[in-house]
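Protein chains in written order, with the working numbering: chain A, 43 to 194; chain B, 14 to 667; chain C, 30 to 222.
The C-beta atom is built at its ideal place from N, Cα and C for all residues, glycine as well.
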Amino acid sequence: MRVMHALIFAFLLVLPVAAAWAISDPAEMLKDPRQEARAEAIGRQLRCLVCQNESIEDSQADLARDLRQVVRQHVAAGEKDQQIIAWMVARYGNFVRLRPPFEPLTWVLWASPVLALVGGALVVAFAMRQKRPPPQPLSAAEKRKLGDLLKS
Amino acid sequence: MIPELGHFALALAVVLAGSQAVLPLWGAERRDPALMASAPPLAIGQFLALALAFGALVWSSVVSDFSVLNVAENSQSLKPLLYKITGAWGDHEGSILLWCLILAICGAAVGIFGGALPAALRARVIGVLGATSAGFVLFSLTVSNPFVRLWPAPMEGRGMNPLLEDPGLAFHPPILYAGYVGFAIPFAFALAALIEGRVDAAWGRWVRPWALAAWAFLTGGIALGSWWSYYVLGWGGYWFWDPVENASLLPWLAGTALLHSAIVVEKREALKIWTVLLAIGTFSLSLCGTFLVRSGILNSVHAFANDPARGVFILVLLALVIGTALGLFAWRAPRLMPTGVFAPLSREGALVVNNILLCAIAAVVFTGTTYPLFAQLLAGAQISVGAPFFNATVLPLAIPLFAAMVVGPMLSWKRAQLAPALLRLWWVALAALLVGLISAWGWAALPALGFAGAAWLVLGAFAPIVERARLFRLPLGASWVRLSGVPLAAWGGVIAHAGLGLTTAGLSGMALAEHRIVAVHPGETVAVGGYDWTLLGLRDAPGPNYTARLAEIRVARDGRTVAILTPGRRSYPLQRTTTTETAIRTNLARDLYAVLGEEHDGTAVLRLHVNPLAPWIWLGALVMALGGGLSLADRRLRIGAPLRRGAAARAASA
Amino acid sequence: MSGARPARVLPRRLLLALPLVAAAAGGLGFYALLRRMEAGRYDPHGVDNPLVGHAIPTFAALPAQAPATTGFGAADLRAAGRPVLVNFFASWCVPCRIEHPQLMALARAGVPLWGIAYKDHEAAAEALLAEEGNPYHQLARDESGRVSIDWGIYGVPETFLIDRAGIVRGHWAGPLSADLVASEVRPMLGKYA
Numbered sequence: 043m044r045v046m047h048a049l050i051f052a053f054l055l056v057l058p059v060a061a062a063w064a065i066s067d068p069a070e071m072l073k074d075p076r077q078e079a080r081a082e083a084i085g086r087q088l089r090c091l092v093c094q095n096e097s098i099e100d101s102q103a104d105l106a107r108d109l110r111q112v113v114r115q116h117v118a119a120g121e122k123d124q125q126i127i128a129w130m131v132a133r134y135g136n137f138v139r140l141r142p143p144f145e146p147l148t149w150v151l152w153a154s155p156v157l158a159l160v161g162g163a164l165v166v167a168f169a170m171r172q173k174r175p176p177p178q179p180l181s182a183a184e185k186r187k188l189g190d191l192l193k194s
Numbered sequence: 014m015i016p017e018l019g020h021f022a023l024a025l026a027v028v029l030a031g032s033q034a035v036l037p038l039w040g041a042e043r044r045d046p047a048l049m050a051s052a053p054p055l056a057i058g059q060f061l062a063l064a065l066a067f068g069a070l071v072w073s074s075v076v077s078d079f080s081v082l083n084v085a086e087n088s089q090s091l092k093p094l095l096y097k098i099t100g101a102w103g104d105h106e107g108s109i110l111l112w113c114l115i116l117a118i119c120g121a122a123v124g125i126f127g128g129a130l131p132a133a134l135r136a137r138v139i140g141v142l143g144a145t146s147a148g149f150v151l152f153s154l155t156v157s158n159p160f161v162r163l164w165p166a167p168m169e170g171r172g173m174n175p176l177l178e179d180p181g182l183a184f185h186p187p188i189l190y191a192g193y194v195g196f197a198i199p200f201a202f203a204l205a206a207l208i209e210g211r212v213d214a215a216w217g218r219w220v221r222p223w224a225l226a227a228w229a230f231l232t233g234g235i236a237l238g239s240w241w242s243y244y245v246l247g248w249g250g251y252w253f254w255d256p257v258e259n260a261s262l263l264p265w266l267a268g269t270a271l272l273h274s275a276i277v278v279e280k281r282e283a284l285k286i287w288t289v290l291l292a293i294g295t296f297s298l299s300l301c302g303t304f305l306v307r308s309g310i311l312n313s314v315h316a317f318a319n320d321p322a323r324g325v326f327i328l329v330l331l332a333l334v335i336g337t338a339l340g341l342f343a344w345r346a347p348r349l350m351p352t353g354v355f356a357p358l359s360r361e362g363a364l365v366v367n368n369i370l371l372c373a374i375a376a377v378v379f380t381g382t383t384y385p386l387f388a389q390l391l392a393g394a395q396i397s398v399g400a401p402f403f404n405a406t407v408l409p410l411a412i413p414l415f416a417a418m419v420v421g422p423m424l425s426w427k428r429a430q431l432a433p434a435l436l437r438l439w440w441v442a443l444a445a446l447l448v449g450l451i452s453a454w455g456w457a458a459l460p461a462l463g464f465a466g467a468a469w470l471v472l473g474a475f476a477p478i479v480e481r482a483r484l485f486r487l488p489l490g491a492s493w494v495r496l497s498g499v500p501l502a503a504w505g506g507v508i509a510h511a512g513l514g515l516t517t518a519g520l521s522g523m524a525l526a527e528h529r530i531v532a533v534h535p536g537e538t539v540a541v542g543g544y545d546w547t548l549l550g551l552r553d554a555p556g557p558n559y560t561a562r563l564a565e566i567r568v569a570r571d572g573r574t575v576a577i578l579t580p581g582r583r584s585y586p587l588q589r590t591t592t593t594e595t596a597i598r599t600n601l602a603r604d605l606y607a608v609l610g611e612e613h614d615g616t617a618v619l620r621l622h623v624n625p626l627a628p629w630i631w632l633g634a635l636v637m638a639l640g641g642g643l644s645l646a647d648r649r650l651r652i653g654a655p656l657r658r659g660a661a662a663r664a665a666s667a
Numbered sequence: 030m031s032g033a034r035p036a037r038v039l040p041r042r043l044l045l046a047l048p049l050v051a052a053a054a055g056g057l058g059f060y061a062l063l064r065r066m067e068a069g070r071y072d073p074h075g076v077d078n079p080l081v082g083h084a085i086p087t088f089a090a091l092p093a094q095a096p097a098t099t100g101f102g103a104a105d106l107r108a109a110g111r112p113v114l115v116n117f118f119a120s121w122c123v124p125c126r127i128e129h130p131q132l133m134a135l136a137r138a139g140v141p142l143w144g145i146a147y148k149d150h151e152a153a154a155e156a157l158l159a160e161e162g163n164p165y166h167q168l169a170r171d172e173s174g175r176v177s178i179d180w181g182i183y184g185v186p187e188t189f190l191i192d193r194a195g196i197v198r199g200h201w202a203g204p205l206s207a208d209l210v211a212s213e214v215r216p217m218l219g220k221y222a
């Protein structure tokens, strides 16, 4: 029952978004191109909570638009990137960060490239150490052939 | 009547698939030639039954038979004919049937083209394919039946998601599935080898063309999907590291590793166990890719109808297929003893490095995609892993991969020396350095690195050929003679590697893209990326099942008109949705890209992009797939010819 | 190979069984999540609200939403003196209408329900409440949606339970169902009463 409701809920929120209204209002952009670029970079790290797998910069959801505005206000007020992201995390949790923080929970995640390489190297090292069956001794016929070849 | 015929054909396919699983495997075990010989006709029969079922579904969709639930939910009478046909696989049930059909085609293909395979091996391969097929056709028949009737039949269907009414997306699923499912054949070969307890050079040679064909399709399918999101979604993005995209990338990475390790099996009889594992792993990842994204567990932008009950069925099916395969692997693989002698510094050594790096990238993508799930499951914590993570972790692994891709082919088999190989690459390195330095002039560091990498890959891909032909060291005529002796398979590799270079160039170019969002009155001009964009006017245009609003934009450079773009917006009254129609004009060096947004107070909001080298991303992928196709055309690799020789050798040795 | 010493064969066998073990573990994980999804304990689209267990965010008094004549702010909530349900809703939101009967039932049972109309036209929200009944004891409106962002709202309806000390104790995203009210909201109200 609850799942049903959750689905209806999700559906209704997501539907208008799926129309891919890929445009934003130019009025919401910051005048200073350097600040605007910074705001965009921050926005790309923040996950839209309605459409979920897009950043708030890409999303056309109403909430994403509001959050874009919030980011721009904070950028204009001269806040650091870290402060703005912390502001978002305080409200929406780590869910909002598309780049997960480095903390005990994500150690394995961030270490995954190194772990994968080390694992691969270990497997190779193990395989190289494997004893290979010694080459088969030559059969009598082969020996004779070899002898002929060497003589000629 | 026609849907019932399809329904019946589907049931028949289950029976045939079941027989295809049991009889040949049993026959191979008992060495019964008659039972083993039953494999090809059964596989072809299963294919015919599924083709009939699929034809019935397409027919119902084309004639708009809304008494079929599936058609009523996804079609409408006004839909253009093309989308009525392609709409048959636009939803869950239809796409599963398509998936089964392609798997049956794989079985039939082995039956038809595998005439030169040893009878027992062929029977086992077809048997394994039949067993896999039986499970999925049963899934289609029982919980995902596309032929369920609806009574009373509605007068009009609900229509399909307008975003899917697009030629790119219409043909995306068949090509992508051909890639996913094509890896079932290497998978079946791996299982057959485990059952027989034997992997040799001939096996490597038999597996490779199938893997190559599947890989070429998968490359094309991924590229088509990415291109679709570029021109349909309308914000200039082409890859989002979404779970659905990652799900297609994972088998691609594993499959690429498989292609390369199969070469080592063929040439050196080494890496056997590893290649068998990769063949199992690639298809397993394909299965997870097609099915787990549909279970609704993964949080994706792409909406599938989520149904946990169906999810459990799928999971059980996957457990049976993958669990059996890996169980067999754990049990029988220890028998496959390594034979080839192995020096770390050699062509095969470079291929091992390539495999480690490709699999490491796959491991990172897999970890990143599933980590939020397991964080939730084990720690109850919610985290997100998105594009910034993947970009930061995959790039450092791609750099050594790019290096190995060029250096590896310069090394000789068995034992090689690094220094001479590197020395022979001096001109490639120099060119890459120059390209990097020139593009670093005024641009950001990362695109410059990308352009250098692209130059390194493209030129480096041709280095082995240049070396072989002794170009500029022998008279041109002599070089030409040597060049014509280069086998097609070698050219295929060169072209595929160069294709990745082109894609890299495209990706780097996109990093320099410029865009602006503006609100303009008709007649107004704005400057973006060195072009002057003038909104000429706005008008309405009717369509078959939508109404469109079009903007006409003139793009000019130095006063000369370069292009007239007409981006639009379509509203579909039935589905009550609106889609954007992006206008793109390309000259290969850059894309002019315009999207029409909302209109208010006489102004229209426009999103205007200049995307340098954008088409190269997909062009490069196409070149990669072409390289795969070229390798397939090589006589030595062609499925029939070498097999006969292999079979003859085997018969002689027996 | 039968001649190989067992000491060397064992690790090899273990290594080759590793893929099976890994796949089995992954499969079990997926199965557990599917079961949780079926039971409604896992929603892939849900976002946990970090406010739970913490004090409500500070916000200046919001303007009133008709039919109420006075709005409220964080101070008013903290001064309520008993547990309060805060419900974010909108007249344009269909799930809110699905939820509405549950809110009416809660109000009839005497549960203090404070409503915040999220990005709504004042007249539209008023018309809705006139038509379907007004369950709210206090009503305010958040026209810009900024206060709602401070609460971590990502869709409507969302409901919070605030204890008498002004600490957020419960959070439900999506419409409250009769089941949910009976199994979670009521017991929690009792606990913090």
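Phe184 of chain B and Ala400 of chain B: beta carbons closer than 8 Å? Stepping through the second sequence from its first residue, residue 184 of chain B is reached at position 171. Stepping through the second sequence from its first residue, residue 400 of chain B is reached at position 387. The Cβ atoms of Phe184 of chain B and Ala400 of chain B lie no closer than 8 Å to each other.
Quick one: is Asn404 of chain B buried, meaning 16 or more other Cβ sit within 10 Å of its Cβ, or exposed? If you number the second sequence from 1, residue 404 of chain B lands on position 391. By the 10 Å Cβ count, Asn404 of chain B comes out exposed.
Count the other CB atoms within 10 Å of the CB of Phe83 of chain B; is the residue buried (16 or more) or exposed (fewer)? The residue you call residue 83 of chain B lines up with position 70 of the second sequence. It is Asn, not Phe, that sits at residue 83 of chain B in the sequence shown. The residue in question, Asn83 of chain B, is buried, as its Cβ has 16 or more Cβ neighbours within 10 Å.
Interface residues of chain C around Asp108 of chain A at Cβ under 7 Å? Here residue 108 of chain A corresponds to residue number 66 of the first sequence, with the count starting at 1. The contacting residues are Gly174 and Ile178.
CB Ala90 of chain C to CB Asp105 of chain C, shorter than 8 Å? Locating residue 90 of chain C in the third sequence gives position 61, counting from the first residue. Locating residue 105 of chain C in the third sequence gives position 76, counting from the first residue. The answer is yes: Cβ separation under 8 Å.
Length-filtered (4 minimum) alpha helix (DSSP H) runs lying within the stretch 154-188 of chain C: Taking only runs of at least 4 residues, the alpha helix (DSSP H) segments lying wholly in the stretch 154-188 of chain C are 175-179.
At a CB-CB cut-off below 7 Å, which residues of chain B make contact with Asp100 of chain A? Here the question's residue 100 of chain A lines up with position 58 in the first sequence. Result: Trp248 and Gly250.
In whole angstroms, what separates the C-alpha of Asn116 of chain C from that of Tyr147 of chain C? On the third sequence, position 87 is the one that residue 116 of chain C refers to. On the third sequence, position 118 is the one that residue 147 of chain C refers to. Cα to Cα, the separation comes out at about 10 Å.
Using the beta-carbon count (16 or more within 10 Å), is Thr382 of chain B buried or exposed? As a position in the second sequence, residue 382 of chain B is number 369, starting the count at 1. Buried: at least 16 other Cβ atoms inside 10 Å.
Check whether the Cβ atoms of Ala457 of chain B and Gly449 of chain B lie closer than 8 Å to each other. Residue 457 of chain B sits at position 444 when you count from the first residue of the second sequence. Residue 449 of chain B sits at position 436 when you count from the first residue of the second sequence. No, the pair does not count as a contact, with Cβ atoms beyond the cut-off.
Buried or exposed: which applies to Lys193 of chain A, given that a residue is buried once 16 or more other Cβ atoms fall within 10 Å of its Cβ? Along the first sequence, one-based indexing puts residue 193 of chain A at 151. Flag for Lys193 of chain A reads exposed.
For Leu45 of chain C, would you say it is in contact with chain B, using Cβ-to-Cβ distances shorter than 8 Å as the test? Position 16 of the third sequence, counted from the first residue, corresponds to residue 45 of chain C. Taking Cβ atoms only, chain B reaches closer than 8 Å to Leu45 of chain C, which makes this a yes.
Whose Cβ in chain B lies nearer than 7 Å to the Cβ of Arg139 of chain A? Residue 139 of chain A sits at position 97 when you count from the first residue of the first sequence. Within 7 Å Cβ-Cβ: Ser397.
Counterpart residues of Pro385 of chain B in DSSP-defined beta bridges: As a first step, residue 385 of chain B is located in the second sequence; it is residue number 372 there, counting from the start. Paired residue(s): none; Pro385 of chain B is not in a bridge.
Which two residues bound the contiguous alpha helix (DSSP H) that contains Arg529 of chain B? As a working mapping, residue 529 of chain B is identified with position 516 in the second sequence. DSSP places Arg529 of chain B outside any alpha helix (DSSP H); the residue lies instead in the beta strand (DSSP E), whose first and last residues are Glu527 to Val533.
Do Leu65 of chain B and Val212 of chain B have their C-beta atoms within less than 8 Å of each other? The residue labelled residue 65 of chain B in the question sits at position 52 within the second sequence. The residue labelled residue 212 of chain B in the question sits at position 199 within the second sequence. With contacts defined by Cβ atoms closer than 8 Å, Leu65 of chain B and Val212 of chain B do not form a contacting pair.
Who are the Cβ neighbours of Ala638 of chain B in its own chain at under 6 Å, not counting the five residues just before and after it? In the second sequence, counting from the first residue as 1, residue 638 of chain B sits at position 625. Same-chain partners within the cutoff: Ala229, Thr232 and Gly233.
Given that a residue counts as buried once 16 or more other Cβ atoms are within 10 Å of its Cβ, and exposed if not, what is Gln131 of chain C? The residue given as residue 131 of chain C occupies position 102 in the third sequence. It is buried - the Cβ of Gln131 of chain C has at least 16 other Cβ atoms within 10 Å.
Excluding the 5 residues flanking Leu601 of chain B on each side, which residues of the same chain have their C-beta closer than 7 Å to its C-beta? In the second sequence, the residue the question calls residue 601 of chain B occupies position 588. For Leu601 of chain B, the CB contacts under 7 Å within the same chain, skipping 5 residues up- and downstream, are Pro628 in chain order.
Quick one: measure Cβ to Cβ for Phe387 of chain B and Gly58 of chain C, integer angstroms, because I've assumed they're closer than 8 Å. Here residue 387 of chain B refers to the residue found at position 374 when the second sequence is read from its first residue. Here residue 58 of chain C refers to the residue found at position 29 when the third sequence is read from its first residue. Rounded, the Cβ-Cβ distance is 6 Å, consistent with contact.
Once DSSP output is grouped into helix, strand and coil, what is the label at Pro159 of chain B? Sequence index remark: in the second sequence, residue 159 of chain B carries index 146 (1-based). Coil at Pro159 of chain B, not helix or strand.
If you draw a straight line from the C-alpha of Pro264 of chain B to the C-alpha of Arg529 of chain B, how long is it? Your numbering for residue 264 of chain B matches position 251 in the second sequence. Your numbering for residue 529 of chain B matches position 516 in the second sequence. In a straight line, the C-alpha of Pro264 of chain B is about 37 Å away from that of Arg529 of chain B.
Would you report the Cα separation of Val123 of chain C and Arg133 of chain A, rounded to the nearest angstrom? Here residue 123 of chain C corresponds to residue number 94 of the third sequence, with the count starting at 1. Here residue 133 of chain A corresponds to residue number 91 of the first sequence, with the count starting at 1. Rounded to whole angstroms, Val123 of chain C to Arg133 of chain A spans 25 Å at the Cα level.
Quick check on the burial criterion: 16 or more other C-beta atoms within 10 angstroms. Buried or exposed for Gly550 of chain B? The residue given as residue 550 of chain B occupies position 537 in the second sequence. Exposed, since its Cβ has fewer than 16 Cβ neighbours within 10 Å.
Just the chain C side, please: which residues come within less than 8 Å of Val113 of chain A by C-beta, in chain order? Counted from its first residue, the first sequence places residue 113 of chain A at position 71. Those do not exist, as Val113 of chain A stays about 11 Å from chain C at its closest Cβ, beyond 8 Å.
Skipping 5 residues on each side, what residues in its chain have a beta carbon closer than 7 Å to that of Pro68 of chain A? The residue you call residue 68 of chain A lines up with position 26 of the first sequence. Excluding sequence neighbours, Pro68 of chain A sits near nothing in its chain.
Is the Cβ of Arg133 of chain A closer than 8 Å to any Cβ of chain C? Position 91 of the first sequence, counted from the start, is the residue given in the question as residue 133 of chain A. Chain C contact via Cβ: present.
Do the stretch 472-483 of chain B and the stretch 407-421 of chain B meet, that is, are 3 or more Cβ pairs less than 8 Å apart? yes
Judging by CA-CA distance, which residue of C:Leu158, C:Glu172, C:His129 and C:Leu157 is the nearest neighbour of Asp149 of chain C? Residue 149 of chain C sits at position 120 when you count from the first residue of the third sequence. When each option's Cα is compared against that of Asp149 of chain C, the closest is C:Glu172.
So if I threshold CB-CB distances at 7 Å, which residues from the stretch 618-638 of chain B count as touching chain A? Val618 and Arg620
What whole-angstrom Cβ distance do Phe21 of chain B and Val156 of chain B have, given they're in contact under 8 Å? Reading the second sequence from its first residue, position 8 is the one you call residue 21 of chain B. Reading the second sequence from its first residue, position 143 is the one you call residue 156 of chain B. No, Phe21 of chain B and Val156 of chain B are not in contact; Cβ-Cβ is about 18 Å, not under 8 Å.
Looking only at C-alpha atoms, which of B:Val257, B:Ile478 and B:Lys285 sits nearest to Phe379 of chain B? Position 366 of the second sequence, counted from the start, is the residue given in the question as residue 379 of chain B. Measuring from the Cα of Phe379 of chain B, the nearest candidate turns out to be B:Val257.
For the stretch 78-92 of chain A, enumerate the residues whose C-beta is nearer than 8 Å to any C-beta of chain C, in chain order. Leu91 and Val92
Backbone CA spacing between Ile276 of chain B and Ala26 of chain B [nearest angstrom]: Reading the second sequence from its first residue, position 263 is the one you call residue 276 of chain B. Reading the second sequence from its first residue, position 13 is the one you call residue 26 of chain B. The straight-line gap from Cα to Cα measures roughly 35 Å.
Given Leu291 of chain B, which residues of its chain have a CB within under 7 Å of its CB, disregarding the five upstream and five downstream residues? Translated into positions along the second sequence, residue 291 of chain B becomes position 278. Correct list, in chain order: Ala267, Ala270, Leu271 and Ser274.
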